[in-house]
Amino acid sequence: MGQTQEGGILKTMSWDDELWRKLKDAISPMPPFIRKKALKMIIEASEDFAQERGAEIVEEEDLVRAAREKVPDLVRQSVMDALAEQGIRTNGLM
Numbered sequence: 562m563g564q565t566q567e568g569g570i571l572k573t574m575s576w577d578d579e580l581w582r583k584l585k586d587a588i589s590p591m592p593p594f595i596r597k598k599a600l601k602m603i604i605e606a607s608e609d610f611a612q613e614r615g616a617e618i619v620e621e622e623d624l625v626r627a628a629r630e631k632v633p634d635l636v637r638q639s640v641m642d643a644l645a646e647q648g649i650r651t652n653g654l655m
């Protein structure tokens, strides 16, 4: 798949549509500067993890792993809580 722009954010892989919506909803309350940087970081890491699995589509486990391992400590818990509020299972996935 080629690169696609989603609201100014570059994705290089396909994402589960529901998962993409949940991610955007989860980070939308963040201040704009933090939100854009966090989204970029999470997208890149999620896609890297999906590629490591040999997957063609980013799934929940990739997103949770990216949030857990790549988001800075300062905002990690708030990101994980926001994902959980959107129904993403943040516990027990690796």
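Numbered by the working numbering, the letters in the sequence shown go through residues 562 to 655 in order.
Glycine included, each C-beta is placed from N, C-alpha and C at the ideal position.
Alpha-carbon to alpha-carbon, residue j and residue i
i	j	result
LYS585	LEU635	20 angstroms
LEU654	PRO590	Per-residue confidence for LEU654 stands at a pLDDT of 49, beneath the threshold of 50, marking its modelled position as unreliable; the derived number appears in the next sentence. The straight-line gap from Cα to Cα measures roughly 25 angstroms.
ASP609	GLU617	11 angstroms
PHE511	GLU646	The question about residue 511 has no answer here: the residues shown for the chain are numbered 562 through 655.
Same chain only: Cβ atoms within 8 angstroms of residue i, ignoring 5 sequence neighbours per side
i	result
ARG637	ALA628, ARG629
Residue burial classification, residue i (beta-carbon count within 10 angstroms, cutoff 16)
i	result
ASP623	buried
LYS583	buried
Under the three-state DSSP convention, the category residue i falls into
i	result
VAL640	helix
ILE649	coil
VAL625	helix
SER589	coil
Under 8 angstroms between C-beta atoms of residue i and residue j
i	j	result
ALA606	LEU644	no
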